[in-house]
Structures are given as structure tokens and as C-alpha cells.
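What follows is a set of notes on a single structure, which appears directly below.
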Amino acid sequence: MKSLHKNRTWDLMKLSKGKKAIRCKWVFKKKEGTPGVEEPRYKTRLVAKGYSQILGVDFTDVFSPVVKHSSIRACLGIVAMHDLELEQLDVKTTFLHGELGEDIYMQQPKGFIVSEKEDYVCLLRKTLYGLKQSPRQWYNRFDSFMTSHDFKRSSLDSCVYFKKNSDGSFVYLLLYVYDMLIAAKDKGEIRKVKAQLSEEFEMKDLGPAKKILGMEILRDRKASKLYLSQKGYIEKVLCRFNMQSAKPSSAVRSLMYAMVCSRPDLSYAVSTVSRYMANPGYVDVDFARDLDRRRSLTGYIFTIGGYVISWKATLQTTAALSTTEAEYMAITEACKEAIWLKGLFSELNEDLQISTVFCDSQSAIFLTKDQMFHERTKHIDVQYHFLRDIIARGDIIVSKISTHENPVDMMTKSLPITKFEHCLDLVCDNPN
């Protein structure tokens, strides 16, 4: 309640005629701490029951961006390559900082009803947890603050900010709702940003970054190495779903988060088991093994400076008629990601002159460079042929790689343990 009053979250008044007051509730939670930084603690939060809000009356736009996991890993790659300082903050009572444009009335919270004003309601001035527009209003306020302090917003990820200093060095800030990572060459630059943020928002300084979105950050600065680990998260998932009380659907969904954040080696296993949950009538292992719709599986991995920063394993949206066509469609998807990564790194002052995509299909590579019309390829959707234009311009290079040296095999098919470990070795200098 102290934070609510400090932020002047509402005014007490009589309910206007024709208006309805939404309800609220207290939510109690134990927050896991960060080892060596923050002890576990209990939290209480007042939450508005926003499900009763009416579109067009109580809210309009609700979309709010969060930083992409690929952007986080890309920035961490830059941190490792240039031995940058990396620190972390979070914003206390995040959503209480957003300005509210609509007139929204809320019942007084249980246990804190003002004496002799029992029939009064709260006219909200600031956003509150549970309101549909709260994340968007918070982001708008934070974005306005950052851009007014000489930070530029990435055009490729709205939650990546960067600023060029007078000495030519850069400061980077990544935002995921209320979690922030700040990277810079000098700790003094980070302190300046922290001071600016603390003047505007109530911040919690977590010091050197140790954990973000369930990913533990481990650094070996002498060796210029940075590792992401979700060992604790995965162990908790395994403990939660033991053999006696297993819930396979929930277990797979939980492991999917580890796959997205830090474990590309789980991609094939998780995506395959996920398909059994949704439709137990088929199995997919690479080209056209989806027995229902004969779709193929696309997989790719991107690295920079030896660091894995982006990956994907997903069924193709259309059925390919040959392995060459399936590989061609996969190259297109990989090149789309390569273009995005190249643009992001360019904004962050890491100029990648040429990006190389390695493929183990020589016939698919020939198809990317062949502008001629052929009977066997005339049916391929035009959306995939933009690949030829970017290759002709020299933006992306597609090169041949031996199947034995292609780590993406572990994302598209079931492999013997020795082959699987070999694929891990190709992309990780520390597979553990």
C-alpha cells in the first residue's frame, strides 16, 4: 500500500452515475532470489480484475513489446567478444509508473477500506497490475524516457536501446517488462545510466548480471567466454513431473521454455513430442515424414564469434515435393533470420559485412543462384525466391558444408548419441 500511495495510484470519490467499478484482489507470492545477490522473499501485489474491462470503453490498444531472446543472446555475444561490463536492474512496482488515459473505477482493496468512506471507489490515475493496458502504458513511458536521454531504439527490436558516447564506445540496454540488462565498456557509463533511471523510477540495483528470465549468466572473462545455463530450471521441471505424478503435456511445455532460451539441442526432441500431444497419428523426422500433411522440418543455428545466438526447428508451412525444395525453403527461412541479425548487429555497431549460411545440399545451393525457369521448380511459392535477390546482391553467401559437419542435424532428426554429441561439439565448446 505504501508504493500505491507513493505513486498516487488513485483518488477516492463517489462512483459516477452510469459507471461500474471493477473489482480487485491481493495476490501473494514467494519470489525466487538470485544466488549471491538477492534472497528469496514473499511479495504481496494488488491486482485489478481486468477481465471485466470493456474494449473501447476501458481500454483500446494493449500490445506491448518485450526483448527477443535472440536479441538478448546477440547482446551477450557482443559483451563476451569485447569484454564489456554487464549489470542488471529491475523496476520496483513497474506497472504503477504507467499513466492511465481512461477513467477506470475500482473497488477499494479488501482490508484497506477507508473509514466513513465505505461507499467510495478508487478512480485510477496510474496503471495497475491486472489492467489490460498496463504493460503498454509502462512501455510507452519507459520508451519516452529513454529516447529523451539520447538513447536510440532499435528498429529491429523495440526493447533494445543503445547510445554512442563521445569516445565512440556504446552503451546498450535491453528491457523485458521490468528486467534490464545494461552493457558498456566502462562501469562509470553504467553508473550514469543507473542514476538517470533512479531519478525517474524506483529501481533495484542487482549488480553484475547473474540471471535473466530464468537463464543463469556465467562468465569466464580471462577466456572471453560467456555461458547461459538453465540447469536449475530444468532440474525443477524434472522434479515437478516425476514418474508417479507425471503430466506429459505440461512437462513438455515447461521444457519448451528451456529450448527457446538456451538449449537448441532440445529442439528436435521437444518439437517431436509436442506433435504427439497435439495429434498422436503421425511422427515427423525430416523430409516429408509428417504423415498427415507431408511437411518437412526446417532447422537452423546462427553463431557469432563462436557463440550460439539464434536457432529454430519448425515444420514448414507447405509440403515440399523434393528434398531439394525442402532445403531451398529452409535456406530461405535461415536467410530471413540472417538479414534480421545482420541489421541488429549493424545498429549495435557490429558491422557484419557478409553473413554466410552453410547448407549440406548442393542442389539447393544451385537453386538459390539459378535465375532460369524450370518445369520442376515452377510451382515454388514466389515468397521463397526473394532469396535469389539477396544472394545476387551479395548480402548473404550460401556455402556447402559436409553433412558430417552440419550441427543442425540434431534439430531435424533423431540421432545416435555419438552423432548427437558431435553436433553439440560443433556449436558448443562446453556442451555441459
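The numbering of the sequence shown is the numbering used here, which starts it at 50 and goes up by one. In this text, a Cβ means the ideal position worked out from N, Cα and C, and glycines have one as well. Every value quoted in this text rests on a predicted model; they were computed, and no experiment measured them.
- By the criterion of a C-beta distance shorter than 7 Å, K253 is surrounded in its chain by L138, D139 and K141, once the five residues flanking it on both sides are discounted.
- The C-beta of S119 has 16 or more other C-beta atoms within 10 Å across all chains shown, which makes the residue buried.
- The beta carbon of L177 sits closer than 6 Å to the beta carbons of A97 from its chain, once the five residues preceding and following it are set aside; these are given in chain order.
- Under the three-state reduction of DSSP output, A387 falls in the helix class.
- Beyond the five residues adjoining it in sequence on each side, I350 comes within less than 8 Å, by CB distance, of P313, V357, S359, W360, P456, V457, M460 and V476 in the same chain, given in chain order.
- In this structure, DSSP gives Q365 a state outside helix and strand, which the three-state scheme calls coil.
- For D228, the three-state secondary structure derived from DSSP is strand.
- With fewer than 16 other Cβ atoms from the protein chains shown falling within 10 Å of its own Cβ, H453 counts as exposed.
- Inter-segment contact for the region 178 to 185 and the region 143 to 155 is present: three or more beta-carbon pairs are separated by less than 8 Å.
- Here D206 is buried, its C-beta having at least 16 other C-beta atoms within 10 Å.
- Taking 4 residues as the minimum length, the alpha helix (DSSP H) runs contained wholly in the region 103 to 177 are 118 to 131, in order along the chain.
- In this structure, DSSP gives L64 a state outside helix and strand, which the three-state scheme calls coil.
- Cβ-Cβ separation between A375 and S404: approximately 22 Å, too far for a contact (criterion under 8 Å).
- T467 is classed as exposed because its beta carbon has fewer than 16 other beta carbons within 10 Å across all chains shown.
- Only buried fits W59, as 16 or more other CB atoms lie within 10 angstroms of its CB.
- For A375, the secondary structure class from DSSP, reduced to helix, strand or coil, is helix.
- In this chain, K271 is not harboured by any beta strand (DSSP E), its DSSP state being neither H nor E.
- When the beta-carbon positions are compared, C208 and L230 stay at least 8 Å from each other.
- In this structure, S311 sits near L277, with a CB-CB distance shorter than 8 Å.
- Cβ-Cβ distances below 8 Å link A387 to F351, S404, V406 and I445 in the same chain, with the five nearest sequence neighbours on each side left out; the list follows chain order.
- Excluding its 5 nearest sequence neighbours in each direction, D409 has C-beta neighbours in its own chain below 6 Å: I450, T452 and N455, listed in chain order.
- Its chain contains A123, C124, I127, S203, V209, F211, F219 and Y221 as the residues whose beta carbon lies nearer than 8 Å to that of L397, once the 5 sequence neighbours on both sides are disregarded; these appear in chain order.
- For the 8 Å CB-CB criterion, V170 and Q157 form a contact.
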